[in-house]
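Asks: In order, the protein sequences belong to chains A and B. If you use my numbering, the first sequence corresponds to residues 1 to 550, in order. If you use my numbering, the second sequence corresponds to residues 551 to 1131, in order. Note that the Cβ used here is the ideal one computed from N, Cα and C, for glycine as well. I am attaching a structure below and will ask some questions about it afterwards.
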Amino acid sequence: MAIYRSHVLVCGGTPCLLKGARTIRDLFQQEIDRYQMTDEIRVVETGCLGPCDEGPVVIIYPEGVMYSRLQPADVPKIVENHLYKGRVVEELIYKEGKAGREQSGPPGVTLEGEKYLDRQKRVVLRNCGRINPDSIEEYIANHGYKALGKALTELRPEEVVQMVIDSKLQGRGGAGFPTGLKWSFTAKTQADRKYIVCNADEGEPGTFKDRLIMEGDPHSIIEGMAIAGYAVGAEEGIIYIRGEYQLSIERMARAIRQANQYGLLGKDIFGSGFNFQIQIRSGAGAYICGEETALLESLEGNRGEPRVKPPYPGVAGLWGKPTVVNNVETLANIAPIILNGPAWFRSIGTESCPGTKVFTMLGDINNQGLIEVPMGITLREIVYEIGGGIPGGKGFKMAQTGGTSGGCLPMEYLDLPMDYDTLAKAGSALGSGAMLIIDDTHCIVDVLKNFMRFFCHESCGKCTPCREGNPRLYEILTALSAGTATQAQIQLMKDLARTMQLTALCGLGQSAPNSLMTCLRFYADEIAEHLNGECPTGVCKSLATKSEAV
Amino acid sequence: MEMVKVTVDGQTVEVPNGSTILAAAKKAGIKIPTLCYHEDFNVKAMCRICVVEVVGARTLQAACSQPVSDGMVIITNSPAVRQARKINLELLLSNHPQDCLNCVRNQRCELQALADQLGVQQQRFHTKTRPESPKDESTAALVRDPDKCILCRRCVEVCHEVQSVGAIAPGNRGINTQILPAGGVDLNDVACVQCGQCSLVCPVAAIYEQDHTERVWAALADPEKHVVVQTAPAIRVSIGEEFGMEPGQVTTGQLVAALRRLGFDRVFDTDFTADLTIIEEGHEFIDRLTNGGVLPMITSCSPGWIKFIEHFYPEYLDHLSTCKSPQQMFGALAKTYYAEKAGIDPKNIYVVSIMPCTAKKFECGRPEMSASGYPDVDAVLTTRELGKMLRQAGIVFSELPEEEYDDPFGITTGAGVIFGASGGVMEAALRTVYEVVTKETLPSVDFNAVRGIEGIKEAEVDLKGTKVKVAVANGLGNARKLMDLIKEGKADYQFIEIMCCPGGCIGGGGQPIPTTNEIRKKRIEAIYKADAGLPLRKSHENPAVKTLYEEYLGKPLGEKSHQLLHTHYTKRGKYPEKSVG
C-alpha cells in the first residue's frame, strides 16, 4: 500500500453531495494532478463529517483542518496554499455557527474542525469521515472485522451474548430495549432458521444518523450483524433500508459484495464453520415500517402494520422464526464492544445508560448536523456548546428530543442529562436521537399542529386510538389556533391523548401524543391564552397578539 | 395443562397458562366488552375496547390478546379503563353515520349495543374526519356500505383465513383506511364468491345481503301471481334464533305455518328437490364410476363453491356434477311440471326461496338458470330477511302451531334434510348409491364419519366389491386444500362433497347473526335429529320423487332431466372480466 503525506477527505454524505461535493472532489484531484502531487496526496470520498449545514465539507489530514462551504473556486486556493505551500487557508476554515465564516470576524488560527470533533466521543462514527466507505481495505486497516474474528475464533456464542448483556447496550432505534437481553431470547429459542434484521428504515423526521452511518461506514453494520448472527445462531441477515436512501443502499450493497469476496461473509467464515449471508430489502418509506413488527410484515410482502405482541420477534419474527431486529446504530456499537470489552463500553456515558449516542441537531441551532456524544451529556452542552447556540440572538423555547414522537423540553430542562431513563421520566424520550431546537418566536399550538399532521398522515390505520385519535387531536389544535376551541375540548384533548398513550396498539400511536402531553404540562399558560383569543407569538393569524390584546 | 393463578378485580381464578385475560375474566364472571374480537378467528386486537389494567404494566392491555401469567393482577373496571374504552368507542362513533333508526341492523348492531353498555350519551367529537364513500351494490348478493364500516376486519379475516378467497382487504391508511376489493374496484369486479360470510360476522351494517323482501311483498300482494315458497333444509333449525330461541331447535312445523300466514299460495320444501338431486347425482356418479368418467366427481349444490371453482380452479370444472342445486331444480320444476299439474301459466308463478345463503341470490340470476323460459327462481330470502318479514307481519313465531308442507313438493325424506349440514349430501348419496349398486338394504343409514364440523372428512365405502373413497370439505379454505390435492394428482377419492360455508348450509352467510362455530354445532345436531325423526331416510324411497319420474321425467339422467335439472359452468378466472351475473 502506498504511503501518502496528506489525505483530503471530502464528505460524501447526502447533504454535502447535494451541495456539489463530487465536483469539489473531482477538482481537488484535478488540481493535485496538475501540481504533480498525485503520488503524495490522496483524495477520498468519505462518510459524513457532521456539520451538514456547512457543506460541502472537507478535512485535510494529518493537520485535521476542516474547510467548509467550499465553492469550486476555493479548491485551487487550498491546493496551492495548503497542500503545495503548507499554509492553511484561514478564511475557508470551518467556523462554528450558522454562516459562521461571515459572522465570526477576523479568522483566527485555531482549527475549529478539530475542536468540533474533540468535543465528541466517536464510537459509532469511529470511521465516518476518516476512511473511504467503499474500501473494505481501509475498514480492515482500522481494526475492521477484528471483532468478528475474535468472536468466531475465541468466544462461544453465549459468551458473545453475555458481553453484550454486560455492556448494558440499549437499542438505539428509539425504545432503548437492552440489546443483550433481546439477543438472549433468540439465542435460547430453538428453530431451524433464525434471522438478524437490521432496521434501517429511519423514518423519524429530523433523524438521519442511520443513513450517515451506512453511507460512512457500511462495514461496521455488516460486522455487527455477523457477530449477532454468530451469537444467536442465525445464518441469514436482512438489512431493511428505506427506499429513499439510494446512496445507503449502494454503499451497503458494495460493502456486502466486498465482504463476500474477502470471505468475511458467506460459508465457513474464519474457518470457524459459521456461515452468514446478508441481503438488502428496501422499504417504500412508510413511517410505520420502522416499528419492528410492521417491518417484518413488510418484509413478508404484507401491508406494513404492527403485529399483536406477544409473541415478540425474538421468539417468532420473520416468517414465524426467531428474529433479532436491531437498529443500524446499535449494530455499529457491537464490534467495539467485542474488541474493547463491556467494561470499556460502560466507562462511557452514564451508569444506567452507557455508551455514546448519535444525535442529529436541527431547527433553530447554529450547528446543524450529526454529532456523537457520551450518554448523559446535558441538553445545554448540546445546544450551546456543540450546537453553537441559537441563531439571530433569539431565545431558546424548547427542544423536542427523540423525533416527532418525542416530548418537548422547556428551558428549565436544559441541564437534564440526555439518556433513556432520564428523558422517559421527564415525559419525553431519547428516541432515535433527533434533536429539534425551537426558538421563542414559534407558537406552541402551531408547532403541535405540525407534529399532529405528521401522525395523521403516518398512522397505519389499524387500531382505533391512533387512526381516529390523531385527526381529532389535530382538529382540536386547529380550533385552538382559530380561536374557536372550548375549555371542554382542551379537557377532551387531554383525555384522548392519555387514552392513546395507554391503549394504542404500537409505539407509533402510543407516542404520537407525547409532544402534546409535554406541552400541555410545560406551556399550559400559552395554551390558555389561545383559549382567551390571544396568540402571544402572533403566529396564529386569526388571534390577537398579546400586545394588541392589551 | 399447566394452570396459573391470576387475580381479576380481587377474585382469584385458576386458568390454563397462556389463556387470555378475556378468558380469565370470564371465569371470574366478568364479561369484558369487546368489538373486533370474534371467538372463531385469530385475534387482531385492533379496536382497543377490551383494554384492562394489569398491575405493573406501563400501558393498558387488550384483554382479547394478552396472555395471563402466574400471579398477574388484573383490574377490569377502573376510572382509567372506563375512560379509555369510552373514548375509543366515541372515536369510532364519531365517524359512524348516526342513522340507527334507518339501519338494516337497527337493534341488531354490536356497536349500538356497546354504546349502550359503555354509557355513551353524548357526541363529544362533532365532525366527520373520514371521507364519505358510496355504497357498492354491484353484486347480486351483497351490499357494501363503507361509511358504516368500523374497520374491525372480521370480514377480512373470514374472507382470507377461513374462505381463502381474499376478495376484500384493507386499503389506504390512517383515517382513510377502508376495507376494499383490490384496487378499489366494485366487489363484482373481483373474485368474490358472494358467500356472505362477511355479512355474518360484520358487527354493524357495513356489508349485508341485497334486499329481496320488497319484491316478495309485492308478489304476495299481486292477485295475478301464484306465489310458491321453498325452504332450504337449514332454515328449520335456525329461523327460531331470529325470534330469540336457543340455537338447535327444530321448528319445521312453525316455519310452514309462518309462511302460510305471510300469504304464500303453496309452501314447499327444498328437501324434495334435495332428494331428486340425490337420484340424479347418484346416477351420474354411478355412470362416471362404471364408464370411466371424470373422477373424483364433486357436488354442485353450493353456489358459493361453484363460483369459487369457476374463479380459482376453472380448469377443473368437468369434475363438478352437472346437477343444478336443489333450489334451481325446484324452480325449474315449479314452472314446468307443477305449472302443468296445477294448470297455471308459468309466467304467473312466482318462486321464492328461503335460503341460509347469500350466494343463492347470485345463483338464481345466472343466465343459464331459466329452464322454463322464465327464471327458475324469482326471489331469494335469507333466514334473516324471512325473520324481518315475519316481524313486520306481526307473526309471533314461537306461538305458531305446527303445520305440514303442501303436496306434491312437500313430501321429503331425512336424506333431503341432512343436505343442510356438511357431509349430508355425501351421506344421502351413499344411502342411495349403496342400495342402487348393491341392490341390498343398508345395514345402517348413519355414515358418522362424514358428519360434524371438522373441515375435511374422509370415508371409505364398500359397495360389495367396489371400494369408494369419499371426502367432504366445508369452508372454502378446506375446499382449496382438496383442490390442490387433485391438482397435484394426490387425491385418490372418487366422490367429494364441498360446501362453501363452515359447517355446511347451517353455517351459511344468510343465517341469523350471530353464527359461531358453537352455534353451528347445535344446528348440526338439530339437523340429524330432524333426519332421525322422519319415517323415510333415503331419497330413492321418496314416493313423490318416484311419481315425478313416472309422470314427467322418465328416468334419471334422461332427456327431460337433462333439460330441466342439469347445467353447465363458466370459466371465470381470478381476475374476472367486468360483471358476470
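Look at the alpha carbon of Glu534 (chain A) and the alpha carbon of Ser481 (chain A), and state the distance between them as a whole number of angstroms.
Replies: 9 Å
Asks: Mapping DSSP to helix, strand and coil, what is Thr820 (chain B)?
Replies: helix
Asks: Are at least three pairs of beta-carbons, each pair with one atom in the stretch 837 to 853 of chain B and one in the stretch 798 to 815 of chain B, less than 8 Å apart?
Replies: Touching, no, given that fewer than three Cβ pairs across the two stretches are closer than 8 Å.
Asks: What residues in the stretch 956 to 985 of chain B bring their beta carbon closer than 7 Å to a beta carbon of chain A?
Replies: Only those residues of the stretch 956 to 985 of chain B whose C-beta falls short of 7 Å from the nearest C-beta of chain A would be listed, and there are none.
Asks: Just to confirm the assignment: which complete alpha helix (DSSP H) runs, minimum length 4, are found wholly within the stretch 204 to 287 of chain A?
Replies: Taken in chain order, the unbroken stretches of alpha helix (DSSP H) that lie wholly in the stretch 204 to 287 of chain A and span 4 residues or more are 209 to 216, 218 to 232 and 246 to 261.
Asks: Would you list, in chain order, the members of the stretch 290 to 304 of chain A that have their beta-carbon closer than 7 Å to a beta-carbon of chain B?
Replies: Flagged, chain order: Arg303.
Asks: Using Cβ-Cβ distances below 8 Å, what residues of the stretch 465 to 476 of chain A are close to chain B?
Replies: Pro465, Arg467, Glu468, Gly469, Asn470, Pro471, Arg472 and Glu475
Asks: Is it right to say Pro1093 (chain B) is buried, meaning 16 or more other beta carbons lie within 10 angstroms of its own, or is it exposed?
Replies: exposed
Asks: Does the stretch 981 to 990 of chain B come into contact with the stretch 1012 to 1025 of chain B, if we say contact requires no fewer than three beta-carbon pairs (one atom in each stretch) closer than 8 Å?
Replies: yes
Asks: Three-state secondary structure (DSSP) at Gly369 (chain A)?
Replies: Under the three-state reduction of DSSP output, Gly369 (chain A) falls in the strand class.
Asks: Beta-carbon within less than 7 Å of Pro864 (chain B)'s beta-carbon, same chain only, minus the 5 sequence neighbours each way: which residues are those?
Replies: Lys1121, Arg1122 and Gly1123
Asks: Counting only Cβ-Cβ distances shorter than 8 Å, please list the residues of the stretch 623 to 634 of chain B near chain A, keeping chain order.
Replies: Ala630, Gln633 and Ala634
Asks: In three-state terms, what does DSSP make of Thr23 (chain A)?
Replies: helix
Asks: Here's a check: name, in chain order, each residue in its chain whose Cβ is nearer than 7 Å to the Cβ of Met493 (chain A), leaving out the five neighbours to either side.
Replies: Leu473 and Ile476
Asks: Can the beta-carbon of Tyr240 (chain A) be found closer than 7 Å to that of Arg281 (chain A)?
Replies: yes
Asks: Phe591 (chain B) touches chain A at which residues, Cβ-Cβ below 7 Å?
Replies: Within chain A, no residue comes near Phe591 (chain B); the closest Cβ sits about 12 Å away, beyond 7 Å.
Asks: For Ile899 (chain B), count the other beta carbons within 10 Å of its own beta carbon; 16 or more makes it buried, fewer makes it exposed. Which is it?
Replies: buried
Asks: Tell me the DSSP secondary structure of Asp439 (chain A) in three-state form.
Replies: Asp439 (chain A) falls in the strand class under three-state DSSP.
Asks: For the beta strand (DSSP E) holding Pro566 (chain B), just list the boundary residues, first then last.
Replies: Gln561 to Pro566
Asks: If you run the structure through DSSP and keep just helix, strand and coil, what is Gly1057 (chain B)?
Replies: helix
Asks: State yes or no: is the C-beta of Thr356 (chain A) within less than 7 Å of the C-beta of Val89 (chain A)?
Replies: no
Asks: Could you tell me whether the stretch 139 to 154 of chain A touches the stretch 336 to 346 of chain A, using the rule of 3 or more Cβ pairs below 8 Å?
Replies: yes
Asks: Can you name, in chain order, every residue of its own chain whose Cβ lies under 7 Å from the Cβ of Leu1114 (chain B), other than the five neighbours on each side?
Replies: Ala882, Leu883, Thr886 and Ala921
Asks: Flag Asn638 (chain B) as yes if its beta-carbon sits less than 7 Å from any beta-carbon of chain A, otherwise no.
Replies: yes
Asks: Do we get a CB-CB distance below 7 Å when we pair Lys425 (chain A) with the residues of chain B?
Replies: no
Asks: Counting C-beta neighbours from all protein chains within 10 Å, is the total for Arg703 (chain B) 16 or more, i.e. buried, or is it exposed?
Replies: Per the 10 Å Cβ criterion, buried.
Asks: Just to confirm, is the Cβ distance from Phe522 (chain A) to Pro354 (chain A) under 7 Å?
Replies: no
Asks: Pull up the distance between the alpha-carbon of Tyr4 (chain A) and that of Arg42 (chain A), whole angstroms please.
Replies: 6 Å
Asks: For a contact meaning CB atoms closer than 8 Å, what does Gly461 (chain A) contact in chain B?
Replies: Leu701, Pro720, Asn722, Arg723, Gly724, Ile725, Asn726 and Thr727
Asks: Roughly how many angstroms lie between the CA atoms of Ala426 (chain A) and Met225 (chain A), to the nearest whole one?
Replies: 33 Å
Asks: So, at 7 Å on beta carbons, what are the nonlocal neighbours of Glu54 (chain A) in its own chain, with the 5 sequence-adjacent residues on each side left out?
Replies: Ser68, Arg69 and Tyr94
Asks: Enumerate, from N- to C-terminal direction, the unbroken beta strand (DSSP E) stretches of 3 or more residues contained entirely within the stretch 10 to 77 of chain A.
Replies: 41 to 46, 58 to 61 and 65 to 67
Asks: Taking three-plus beta-carbon pairs below 8 Å as touching, is the stretch 709 to 719 of chain B in contact with the stretch 1023 to 1041 of chain B?
Replies: yes
Asks: Under 6 Å Cβ to Cβ from Gly13 (chain A), same chain only, skipping five residues before and after it: list those, please.
Replies: Cys48, Leu212 and Glu215
Asks: With a Cβ-Cβ cutoff of 7 Å, do Leu428 (chain A) and Thr401 (chain A) count as a contact?
Replies: Residue identity check: residue 428 (chain A) is Ser in the sequence provided, not Leu. Less than 7 Å divides the Cβ of Ser428 (chain A) from the Cβ of Thr401 (chain A).
Asks: Assign Glu890 (chain B) to buried or exposed, taking buried as 16 or more other Cβ atoms, counted over all protein chains shown, within 10 Å of its Cβ.
Replies: exposed
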